[in-house]
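First the structure, in the form of structure tokens, and then the observations on it.
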Amino acid sequence: MSNKKKLQFDSNPRRVRVEFEGITIADSKNVITVHERGHLPVYYFPESDVRKDLFVESEHHSHCPWKGAASYWSIKVGDRISENAVWSYQNPIPESEPIKGYVSFYWNQVDAWFEEDEEIFVHPRDPYKRVDALQSSRHIKVVIDGVTVADSKRPIIVFETGVPVRYYLPKEDVKQEFLQETDLETRCPYKGKASYWSAEVNGTVHENIVWSYLNPIPEIPKIKEYLSFYNERVEIYVDGEKEGETSWYRSALDFFNANEIKPTLVESN
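Convert by adding 107 to the 1-based position in the sequence shown; the result is the number in the working numbering.
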């Protein structure tokens with residue numbers, strides 16, 4: 108790990124906004140996207156572009172070996188308080204100097220995030236990530252506890268950077284008698300809102316093992332109403348060969364060496 112880059116600071120050309128209790132508490136065209144090995148991307152906002160008048164200083168502090176000591180603030184609007192929702196490295200170590208004078212927010216401790224005029228969910232979109240949904244004629248078979256629950260020669264295969272290859276199958280090619288719709292919903296910043304099903308096979312319920320984007324975001328329409336199984340929890344056969352072990356990556360820095368990324372450093376304000 109010693110020869111691998113730990114952090115990457117990128118200038119982001121998108122206007123990014125944060126809302127809390129109906130108030131825009133951050134609005135900037137000059138955010139920095141921070142990539143940290145093993146972590147999802149994080150937006151940092153210039154202090155001049157945030158509503159510091161709505162912040163209440165906290166006694167909480169933390170330390171990062173790659174960035175230094177972090178100070179925290181809570182957000183207070185009316186009677187509502189979001190504790191320790193904001194942090195800043197006011198005197199970062201030299202390697203993290205680009206974020207001096209910037210603050211960041213915990214994603215789930217505010218109400219809404221926007222890139223330009225579109226709401227985004229879960230975490231910032233990573234410019235080093237690509238999502239391709241390709242029509243295929245590969246033969247995909249899904250087996251749970253020795254039982255074939257799906258068999259298709261017309262999948263949509265989704266190749267997403269850092270995520271296991273996912274096979275989306277027409278619902279007609281999935282044996283619906285095994286599926287039980289659940290109340291679980293999740294969101295993906297690249298695909299939209301997902302609905303879930305459990306599969307009951309041989310008397311065993313495999314909870315939330317199947318999902319579908321019934322109304323995906325406009326950028327990825329091909330997977331609409333197709334079903335996909337967690338590769339990690341089923342046996343998947345591709346053209347008759349059992350798929351091997353899957354891998355996950357959270358950051359581009361997890362699989363790039365330092366000399367494979369050309370940094371775009373941002374001067375601090």
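A virtual CB, placed ideally from N, CA and C, is assigned to each residue, including glycine. Just so you know, these numbers come straight off a predicted model, no measurement behind them.
Review point. First and last residue of the beta strand (DSSP E) that includes threonine 268?
Key: Threonine 268 -> no beta strand (DSSP E), and no H or E assigned at all.
Review point. If you drop the 5 nearest sequence neighbours on each side, which residues of the same chain put their C-beta closer than 7 Å to that of valine 270?
Key: Cβ neighbours of valine 270 within its own chain (closer than 7 Å, five residues either side excluded): Trp355.
Point to revise | Cα-Cα separation between tyrosine 320 and proline 201, rounded to whole angstroms | key: The C-alpha of tyrosine 320 lies about 44 Å from the C-alpha of proline 201.
Check your understanding: Among Lys298, Gln216 and Ser305, which has the Cα closest to the Cα of phenylalanine 266?
Key -> When each option's Cα is compared against that of phenylalanine 266, the closest is Lys298.
Check your understanding: Among His146, Tyr196, Asp156 and Ile132, which has the Cα closest to the Cα of valine 184?
Key -> For valine 184, the nearest C-alpha among the options comes from Ile132.
Review point. Looking at the unbroken beta strand (DSSP E) that takes in valine 345, where does it start and where does it end?
Key: It spans 342-345 - the beta strand (DSSP E) in which valine 345 sits, taken as one unbroken run.
Check your understanding: Is the segment 240-252 touching the segment 211-225 in the sense that three or more CB pairs, one from each, lie closer than 8 Å?
Key -> In short, these stretches do not touch, since the Cβ pair count stays below three.
Review point. Roughly how many whole angstroms lie between the Cα atoms of aspartate 361 and leucine 286?
Key: Roughly 35 Å between the two C-alpha positions.
**Study point:** Proximity to serine 169 [Cα-Cα], best of Pro199, Ser155, Pro148 and His142
**Key:** The residue with the shortest Cα to Cα distance from serine 169 is Pro199.
Exercise for review: Determine, using beta carbons only, whether leucine 114 and valine 141 come nearer to each other than 9 Å.
Suggested key: In this structure, leucine 114 sits near valine 141, with a CB-CB distance shorter than 9 Å.
Check your understanding: Curious, which full-length beta strand (DSSP E) runs of at least 3 residues does the segment 143-209 contain?
Key -> Listed in chain order, the beta strand (DSSP E) runs fully inside the segment 143-209 are 149-153, 162-171, 175-184 and 187-195, counting runs of at least 3 residues.
Exercise for review: Kindly give me the distance between the Cβ atoms of valine 149 and proline 231, rounded to whole angstroms, as I take these residues to be in contact under 8 Å.
Suggested key: The pair is a contact, with the Cβ atoms about 7 Å apart (cut-off 8 Å).
Point to revise | Beta-bridge pairing of leucine 334 - partner residues as DSSP gives them | key: Note: leucine 334 sits in a beta bridge opposite Leu276.
Practice item. Return the CA-CA distance between tyrosine 275 and leucine 334, expressed in angstroms with no decimal places. Key: Here the alpha carbons of leucine 334 and tyrosine 275 stand approximately 5 Å from one another.
Check your understanding: With C-beta atoms as the reference, is valine 281 less than 9 Å away from histidine 313?
Key -> No, Cβ-Cβ distance for valine 281 and histidine 313 is not below 9 Å.
Check your understanding: Regarding phenylalanine 116 and the ligand GDP, is the C-beta to nearest heavy atom distance less than 8 Å?
Key -> You won't find the ligand GDP in this model; it holds no ligand whatsoever.
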